[in-house]
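Novice:
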Amino acid sequence: MAAPVTADDLLARVDGFLAAHDPAGDRLEFLRARFDAGLAWVHYPVGLGGIGAPRVLQSVVDQRFAAAGAPDNRPRRISIGLGMAAPTVLRHGTAAQRARYLRPLWTGEEVWCQLFSEPGAGSDLAGVATRAVRDGDGWLVDGQKVWTSMAHQARWGILLARTDPAVPKHQGLTYFVCDMHAPGVEVRPLRQATGEAEFNEVFLSGVRLADELRIGAVGEGWAVARTTLMNERVAIGGNALPREGGMIGVLARTWRERPELRTPALHDEVLRLWVRAEALRLTGVRLRQQLAAGEPGPEGSAMKLAFAALTQQISGVEVELLGAEGLRHDGWDATRPEEVDLIGRGATYRWLRAKGNSIEGGTSEILRNIVAERVLGLPAEPRTDTGAAWKDLPR
Amino acid sequence: MAAPVTADDLLARVDGFLAAHDPAGDRLEFLRARFDAGLAWVHYPVGLGGIGAPRVLQSVVDQRFAAAGAPDNRPRRISIGLGMAAPTVLRHGTAAQRARYLRPLWTGEEVWCQLFSEPGAGSDLAGVATRAVRDGDGWLVDGQKVWTSMAHQARWGILLARTDPAVPKHQGLTYFVCDMHAPGVEVRPLRQATGEAEFNEVFLSGVRLADELRIGAVGEGWAVARTTLMNERVAIGGNALPREGGMIGVLARTWRERPELRTPALHDEVLRLWVRAEALRLTGVRLRQQLAAGEPGPEGSAMKLAFAALTQQISGVEVELLGAEGLRHDGWDATRPEEVDLIGRGATYRWLRAKGNSIEGGTSEILRNIVAERVLGLPAEPRTDTGAAWKDLPR
Amino acid sequence: MNLDLRYTEDQELLRDSVRAMLADHAPWTRVLKVAESPEPDDADLWRLLAVETGLAALAVPEHLGGAGGGFAETAVVLEELGRACAPVPYLGTTVATRALLHLGDTDLLRTVAAGEVIALALPFSAGPPRDDREFVSKPEVQPHFVTRNSDLAARSEVEVTLSGDGEPLLNGAVHSVAEALRARVLLVPAGGGLYAVDTSAAGVRREQVVSLDETRPLCDVSLWNVPARLLASGERAAAALDAALVTGAALLASEQLGLAQWCLDTTVEHLRTRYQFGRAVGSFQALKHRLADLWVELAQARAVARHAAACVASEDPDARLAASLAQAHCGPVAVRAAEECVQLHGGIGFTWEHPAHLYLKRAKSAAIAYGTAAHHRTVLATLTDLTPA
Amino acid sequence: MNLDLRYTEDQELLRDSVRAMLADHAPWTRVLKVAESPEPDDADLWRLLAVETGLAALAVPEHLGGAGGGFAETAVVLEELGRACAPVPYLGTTVATRALLHLGDTDLLRTVAAGEVIALALPFSAGPPRDDREFVSKPEVQPHFVTRNSDLAARSEVEVTLSGDGEPLLNGAVHSVAEALRARVLLVPAGGGLYAVDTSAAGVRREQVVSLDETRPLCDVSLWNVPARLLASGERAAAALDAALVTGAALLASEQLGLAQWCLDTTVEHLRTRYQFGRAVGSFQALKHRLADLWVELAQARAVARHAAACVASEDPDARLAASLAQAHCGPVAVRAAEECVQLHGGIGFTWEHPAHLYLKRAKSAAIAYGTAAHHRTVLATLTDLTPA
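Structural data, given as C-alpha cells:
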C-alpha cells in the first residue's frame, strides 16, 4: 500500500488542478472536476471524490481552494447529504449505489433529506411505524415522517422503514433511499414556534421504491441507521470561533454599547454567561485539537448539551436586558429558511429558535442517557421494549 | 356521640387543671397529671392523654400551659417518640401496648429511637435485612441498623425486621418494639462530616424480644411502618417563622452589618436567596393555614425539598461571603448533640450540616419520586423487585 | 399576624365558573386564531367577561355599577385567564381601575363598570419604583423607570400645553403600551400629572406593533394636540400611578401562576399518555424529578401570588414588598414552566400548531411586564435594607 | 492561534507515575489520619515528592537544581494531588516559586530545589487584582485585596523598620496563611516591598488554626522584630506578587479538576455497585442525568484548566484572564462535584469514615483560595470591558 498522503502532496495536487481549471469558470463543471480529481473529500476512496488521504488534511485542501476564489458546494445547504447520507452510502452501499449517488451529492446537484423521525417515533427512533412491504421486485411504502428539513428541495431521502412488525423493533427495520419525486410522496411545510417552517412533514402513500434503492440487507436497517446517526453526532461546526464569536458576543456588545440598558442585577448574570461561553469555546478548541490529532474524545456530546443550554440562557437574558424592546418581535412570517442564523435576527427570535437546540438532532435528555451509559459506564435502565415483537409494544 | 370540644372548653379544662396542680411543683408529677387529665395530646382518646378533641386545638392548650409557666415535655428531645412511635402504637398497638407505652413516652420518662435504616437498606427501606426468628414464645433478632438518633439514650426502639425472606420484600416484614436495654443490643456513635455524632449504629446480636413487643400481625410490618413514615412526613416544624427568621436572617444580617465583606457579584445572589427564603416561608404559612383548617395539602414534601436546597445554598454563599473567615472552622470535636442548631454555630458548620438535610428523613431523590407519583400522578417506573422473594433480589 | 393565603369557597366557585366559561369560549385553537389575526384581542370573550358577567369590574364598588368584589377575586380570574392564555385586556383594565379607585374618579369607574377598556399609557415594561416618592422626588429616574431602552425612551415623552380656553392638550408618544388597542380611555402620565384621554378624540393614534406575545399585542401611542382631563397632579398623581403599578406587579403573579399551572398540567398529561421505548415517557425518572422540582416552585409561587393579592386587596403596607417578591419569584417560575412544557413535549411542543409556544411567549413577555425579576430584586434590596456593595 | 490544550505523552507518563505514587503513599485512610492529627501535612509524602523525586521543583531550572520542567507539568501533578486530596504544601511552594522566578532569586530557587517549603505570607483567600498595577497604583484596594474581612484585616499589617545596622526588621501579622506551617522561608509583602524571612529566626510565630480543610490547614503568622531580606520593592515587588497570585489562581484549577474528577469517578463507581430496589442505583435515570451534566461541566473545566496552565507556562499575555476564567469556572465545578458525591452516596457519604467529606471541605476551601469565583468575575468584567451598571 502507498505511503500516506501529506499536506504538501495535497497542496501540489490542488495547485495542479487549479492550473488546469478556471475557478471563475462554470461552477458545476468545476465542482464535478474537483470531485473527479479526488479533491472533494480527500479521505474518500479514489474514484469516489477522494484519494484516501487522512481526514484531518481536508481543511488544508478547502482553504487552498477558498484562497483561490474557487466556488464551494455550499456545504451548509447540503449538510444532510454530506454529513449523513454520504458516509452511509459509502459504508453500506453497493458499488453501483456509491457510483450513482456520491458525485451529485457532493456537488450539490442533488439535495438529500432524512426520513427518520415520525410523530410516534422521536427519541425512540427504532420504533418507526412507516411500513415497507414487498411488491414484486420492489417495495411499497406507507407512513408519515416529520422534522424533515430540505424535503421540499430534496431529490433523495434516507428512509428508515419497518419491513417486519412481527420481530423485535430493532430487527424489523430496513434502510432505503427514497425517491422524493416518486408518486405518493407529499411534502408539507411544518411551521414552528418562530413562525418559520424550516422543517417538513412528509407523507408517504403507496410510494413504490425499486429494490436497488435499498441500502444494506433487509432487516439490517438499524445497523445502517446507526452509521448515519454516528456521523450526525460527530459533526461539529467547522472551525473554532474566536472569543465572543458566538451568541455571547451579541449580548456582550449590547451590554457595552448600550449602558442605559444595564442593571446591577444582570451584570453578574452576563459575566456568568460570558464565563460559560468562553469555557465552552475552549472545550471546542480542545476537542478539535484532539480530532485533528486523531484522538476523538466523547466531548462532542458535551458540546451539544452545553451549547443548547447556553444559547437558551444567553438569549433569555438578552431579551430581559432589552426590557421593553424585548416585548417586541421582528416578524412571524412563515418563511422557509435554508440555514438557521441565531445571530442575524433579533433577540426574541434567537431566544425562540434556541429552544429547538435541545430537541433537534437528539434531545438533551437522550444525549444525557448516552453520556451516562457510553461515557460514564452507568448501567442501562431495565428495558421492556427490546424483546417483544414491535407490533405488541404499547404505544 | 358528644358534641365536638371547643377551644373554650379546653381553656376551661386547662385553667381547672392549673388551679389544681402547681406548675412550679414537681415536673414529672405535673406532666403525668396533665396526661391523665387528657390535656397531653388532646386529639388522643380519653385515657391515653387526650379527650378526642380536634387536633388543631392542641396549640391553644400548649400556649395556655406555657403562659402559666408550666413545664413542657421537651418535645424536640423526644420527637421520634411523639412524631412516629406514638401514632403507630395508637393505631396498630394493642390496648395493653397503648396503656404501657404512651404515658411515659409523652412525659419523656422513656425516650424512643427508630430502628429502620440499614447500611444496605436506606432509600429502599422495605429491603431491610435484619432478621427476626421465632424463638419459643418470643423472637431472636440479628442485624445492624444505622442513622439511629438518640439510640444511646433510648429505652425503646421501633424496629422493622424481616421474619420471612422467602416472600416478596414488602410481605416478609414484622414491626417490633425493641427493648434497648436487652442483652445483645450494642449502640455505637456514628461520626458525621461535621465531626459530631448525632446518630448511632445499632448492632443487634441474638436480641431476644417477647412476642408482646410485636406491633401488628406477623408479616404486616410494612403497613405498620407506613403509619410511622406518614407521620414523619407530615411533621413540619411548630409555628411559622417570622420574616428572616431562618438561616437567611443570618446571611442578611452579615450583609447588613459587615459592609467590608460585600462584593457586587454576591449582592444579587443574596437577594435571590432572600426571595426564595421568603417564598418558602410564605409557603409554610399557607400550608399551616390549610392544616389548621383541616385541609392538609401535599406541600409538606415541597417544604422539605425546598428547605434542604435552600439551607445548603444560603450557607454556601455565606461561607464565600466571609472570604478568609470562611476558610476557618469552629471545631471538629466529636460531640453528641441532642438537637441540631443550624443557627448557633459558624457558617462552615451550617454549610456542612445542611448537607444532611437532603439525606435524612427521606432523601430529596425519594421525595421527588413521591411528589411525581403521588402528587402529579406520573406513572411508576417498571419495578423488578416487588414480585420475587426477598432472598433472591440482587444486592 | 399573617394574611389568609388560602382560597375562600366563593373564590373557588368563581374559579370554576370562569374556567368553564373559558373552556367553552377560549379553547387554545381560538386563542391561536386571535393571535394570528390582526385583531388586538378576543372581542366576544371580552364582552362576555366585561359586559355579560361583569367580571372586569369585580373591584369596582357596587354603587358605581361594579361587582363590589375585591382584588383577591380579581386575582382568581387572572389565574384562569393565565391558564387559558386568554387574549383579553383584563389585567390592564384592572391596573387602571386601581388608579381610578385611588383617585376616587367615579365617572371613569362607571366606564369600567360599563365594560369599557381603560389602559394606563405606560410601556408594559414599567415596574413600580423603589418607593412611592420616586416619581416626584427623583424625576431623573423617571426615564429609567419608564423604560431602560434609550431609543424607545426618546419616543416616550408627553408634553402638556394649554388650549386657548385653558384646556390641557397632550402632545407626544408612549411606546409599547399593552391592552390599549381597544381602550376607550387612556390614563396618560404627563408633566408630573395624570390625564384621561378619550381615544375617540382626533389626534390619538395607536399603532399595533409585532409583539413577542401576540395574545397581548402592544401598541405605540402618539398624541397630537389631544384634549385631556387632568385627574391628579403632583404627589397625588404619583401615588395613584404607584398604586396601579404595584397592583399590576402583584396581580400579574396570579396570571403567571395560572399559566405555569397549565404548563405543568399539560406536560404531565402528555407524559402520561406519550409512549416511547414501550413505556409512558412520564415513567422516566429524570423527567419525573424535573416536574417534581417544578411543582415545588409552583407551590411556592401560589403562596407568593396569594400573599401579593391579599396585600393589594387589603391595602397592606407590605404590598410593595409583596408585589416585588411576587414578580421576583413568579415571573421566572412561569418562564421555566413554559420552557419545560416545550422541551418535554419534544418536537411537537416546538410547532406552531401546539399551544405551548403561546404560553412560552406570554410567560417571557410577562416576565418583563411591570418590571423584570432583576428590577424587582433591586426594589427588594431597598425595601429590605440589603444595600449594594 | 490557540495554545495546545491536550496533554503531551510525557505529561501522561508523569501523571501515571504520580498517581501510582499517591496510590501507594496517600490512600484516603492516611489522608484522614493526617487531617485528624496535629501534623500540618504529610511529611513523608512531601519528602517523597520534594526530595526523592524532585517534583516540587519541577518549574525550577536545572542549573539551579530543579527539574527544568514547566508549569504545564506542575499542573498535571496538581491534578493528581487534587484527586488524592493529598496533604502536602505543593501548591503554595509552586506559587512562591513563581514569584522567585520572576525575581530571579537563585538562592531561594535553590532552596526550593533542595526540597524546602517556601510560602507566600498572604491570606489564602487573596486573589490576583484586576491589573498588575493595582498593588502599587491603588493602595486603597490593598486591604480589600488581602482580605475582605475587617477584624482579620486589622490583624494583618506588617511594618518595616530598620535595625541599628540598617537591616530591615518586620513586625506584624498575617492571618489565614496556607501551607506555611512547615515552610523554611516566608515571602512577606510589607511596606510596598517583598521580603524573605527565615522561619527559624526568633520572633517568627505560626499558630495553626482550625481549618475548614484540614488537609491544608492554615496558620496565623506573627512577626516580632524579625530580620528580613528585601527581595524587591515598588513595581517589581508588585509584579512578582501579581505573577505569583495569577499562577496560584491558574494552577489551583488543575487541583480542582483532579478533585472533581475523583468525586465523579467515585460516585459513578458507587452507583454501579450499590443496589436498591433490586437495581444498581446507577441505573436510575435522574441520577444518570445529573452525573452526565456534571461530566459536561468537567469536560469544560479540563479545557479551561489546561488553557490556564498553558498560559502561565508560556507567560501568555492572556494569563490573567485565563486564570480568572479558570477560577470562575473550576472552583464552583469542584464544589458541585463534591456536593453531588456526598448526596449521591446517601448517608454513608455524610459520615466521617468516608472520604467524601475531605473532598467536600477541600473543594469549598479551594473555591475561596486565590479569590472566589465572584471575585474573579469582577476581574473578568474589567478585563473584558463588561463594566458594571
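Keeping their order, the protein sequence lines are chains A, B, C and D.
So that you can map any letter, position 148 of the first sequence is 148 in full-length UniProt numbering, and since no number is skipped, the others follow by simple counting.
So that you can map any letter, position 19 of the second sequence is 19 in full-length UniProt numbering, and since no number is skipped, the others follow by simple counting.
So that you can map any letter, position 81 of the third sequence is 81 in full-length UniProt numbering, and since no number is skipped, the others follow by simple counting.
So that you can map any letter, position 43 of the fourth sequence is 43 in full-length UniProt numbering, and since no number is skipped, the others follow by simple counting.
Think of the CB as a built atom: it goes at the ideal place given N, C-alpha and C, for glycine as much as any other residue.
Remember, it's a predicted structure, so these values are computed and weren't measured experimentally.
Under a CB-based cut-off of 8 Å, is residue 395 of chain B close to chain D?
Specialist: Closer than 8 Å to some Cβ of chain D, the Cβ of residue 395 of chain B qualifies, so yes.
Novice: Which residues in chain B sit within 7 Å of residue 7 of chain A, going by Cβ to Cβ distance?
Specialist: Simply none; closest approach about 47 Å.
Novice: Taking the alpha helix (DSSP H) that residue 168 of chain C falls in, what are its first and last residues?
Specialist: Element bounds for residue 168 of chain C: not the alpha helix (DSSP H) but the beta strand (DSSP E), 168–178.
Novice: Nearest chain A C-beta to residue 379 of chain C closer than 8 Å, yes or no?
Specialist: No, because no Cβ of chain A sits closer than 8 Å to the Cβ of residue 379 of chain C.
Novice: By DSSP, does residue 101 of chain A sit in helix, in strand, or in coil?
Specialist: Here residue 101 of chain A sits in helix by DSSP.
Novice: Would residue 15 of chain B be called buried (16 or more neighbouring beta carbons within 10 Å of its own) or exposed?
Specialist: Exposed: under 16 other Cβ atoms inside 10 Å.
Novice: With DSSP as the reference, label residue 194 of chain C as helix, strand or coil.
Specialist: Strand at residue 194 of chain C.
Novice: What does DSSP give as the partner residues of residue 168 of chain B in its beta bridges?
Specialist: According to DSSP, which records beta bridges pairwise, residue 168 of chain B is partnered with B/389.
Novice: Identify every residue that forms a DSSP beta bridge with residue 200 of chain B.
Specialist: Note: residue 200 of chain B sits in a beta bridge opposite B/189.
Novice: Any Cβ of chain B within less than 8 Å of the Cβ of residue 389 of chain C?
Specialist: Yes, because at least one Cβ of chain B sits closer than 8 Å to the Cβ of residue 389 of chain C.
Novice: Within the 8 Å Cβ cut-off, does residue 265 of chain B reach chain A?
Specialist: Answer yes: the Cβ-Cβ gap between residue 265 of chain B and chain A drops below 8 Å somewhere.
Novice: Measuring only the C-alpha atoms, how far is residue 95 of chain D from residue 352 of chain B?
Specialist: Taking the straight line from one Cα to the other gives about 29 Å.
Novice: At what residues does the beta strand (DSSP E) containing residue 222 of chain D begin and finish?
Specialist: Counting along the chain, the beta strand (DSSP E) containing residue 222 of chain D begins and ends at 218–227.
Novice: I want to verify the contact list: residues of chain D whose CB lies under 8 Å from the CB of residue 284 of chain C, in sequence order.
Specialist: Within chain D, the residues near residue 284 of chain C are 285.
Novice: Who are the neighbours of residue 168 of chain A on chain B, taking C-beta pairs under 9 Å?
Specialist: Ordered by position in chain B, no residue passes the 9 Å Cβ test against residue 168 of chain A, which lies about 17 Å from the chain.
Novice: What's the C-alpha gap between residue 124 of chain C and residue 188 of chain C?
Specialist: Roughly 13 Å between the two C-alpha positions.
Novice: Would you tell me roughly how many angstroms separate the C-alpha atoms of residue 59 of chain C and residue 312 of chain C, rounded to the nearest one?
Specialist: If I take the Cα positions, the gap works out to 11 Å.
Novice: From what residue to what residue does the beta strand (DSSP E) around residue 384 of chain B run?
Specialist: Run containing residue 384 of chain B: none; DSSP gives neither H nor E here.
Novice: Please state whether DSSP places residue 311 of chain C in a helix, a strand or coil.
Specialist: In the structure shown, residue 311 of chain C sits in a helix (DSSP, three-state: H, G or I).
Novice: List, in chain order, every chain B residue whose beta-carbon is nearer than 9 Å to that of residue 385 of chain A.
Specialist: None at all; the shortest Cβ gap to chain B is about 10 Å.
Novice: Measure from the alpha carbon of residue 395 of chain B to the alpha carbon of each residue in D/281, D/183, D/353, D/370, then state which is nearest.
Specialist: Residue 395 of chain B has its Cα closest to that of D/281, out of D/281, D/183, D/353, D/370.
Novice: For residue 189 of chain B, which residues in chain A fall below 7 Å Cβ to Cβ?
Specialist: Neighbours of residue 189 of chain B on chain A: none; closest Cβ ~34 Å, over 7 Å.
Novice: What are the residues that DSSP puts in a beta bridge with residue 300 of chain D?
Specialist: In DSSP, residue 300 of chain D forms no bridge with anything.
Novice: Output needed in chain order: residues of the segment 203–217 of chain D with a Cβ under 8 Å from some Cβ in chain B.
Specialist: Against chain B - using a Cβ distance shorter than 8 Å - the residues of the segment 203–217 of chain D are 209, 210, 211, 212, 213, 214.
Novice: What is the DSSP secondary structure of residue 342 of chain B, counted as helix, strand or coil?
Specialist: Coil.
Novice: Determine the chain C residues that contact residue 382 of chain B at a beta-carbon separation under 9 Å, and present them in chain order.
Specialist: Within 9 Å Cβ-Cβ: 279, 283.
Novice: Tell me whether the beta-carbon of residue 233 of chain C lies closer than 8 Å to the beta-carbon of residue 309 of chain C.
Specialist: Cβ distance not < 8 Å, so residue 233 of chain C and residue 309 of chain C don't count as in contact.
Novice: Within 10 Å of its beta-carbon, does residue 359 of chain B have 16 or more other beta-carbons around it, so buried, or fewer, so exposed?
Specialist: Under this definition residue 359 of chain B is a buried residue.
Novice: Can you list, in chain order, the stretches of the alpha helix (DSSP H) that have 4 or more residues and sit fully within the segment 58–122 of chain D?
Specialist: Complete alpha helix (DSSP H) runs here, min 4: 71–84, 90–103, 106–113.
Novice: Could you round the C-beta distance between residue 357 of chain B and residue 311 of chain B to whole angstroms and report it? I think they count as a contact, below 8 Å.
Specialist: Between residue 311 of chain B and residue 357 of chain B the Cβ distance is about 6 Å, and since that is below 8 Å, they are a contact.
Novice: Along the alpha helix (DSSP H) that carries residue 139 of chain A, what are the first and last residues, could you check?
Specialist: Where residue 139 of chain A is concerned, there is no enclosing alpha helix (DSSP H), although the beta strand (DSSP E) it sits in stretches over 138–145.
Novice: Can you tell me which of the three DSSP states residue 161 of chain D falls into?
Specialist: Residue 161 of chain D: strand per DSSP, three-state reduction.
Novice: Within its chain, find whatever has a CB closer than 6 Å to the CB of residue 226 of chain C; leave out the 5 residues flanking it on each side and keep chain order.
Specialist: Around residue 226 of chain C: 170, 197, 201, 203, 204.
Novice: DSSP has residue 158 of chain A in a bridge; who is on the other side?
Specialist: Bridge partners of residue 158 of chain A: A/114, A/177.
Novice: The alpha helix (DSSP H) spanning residue 390 of chain D covers which residue range?
Specialist: Coverage of chain D is limited to positions 1 through 389, which leaves residue 390 of chain D absent and any answer about it impossible.
Novice: Would the beta-carbon of residue 100 of chain D fall within 8 Å of that of residue 108 of chain D?
Specialist: The answer is yes: Cβ separation under 8 Å.
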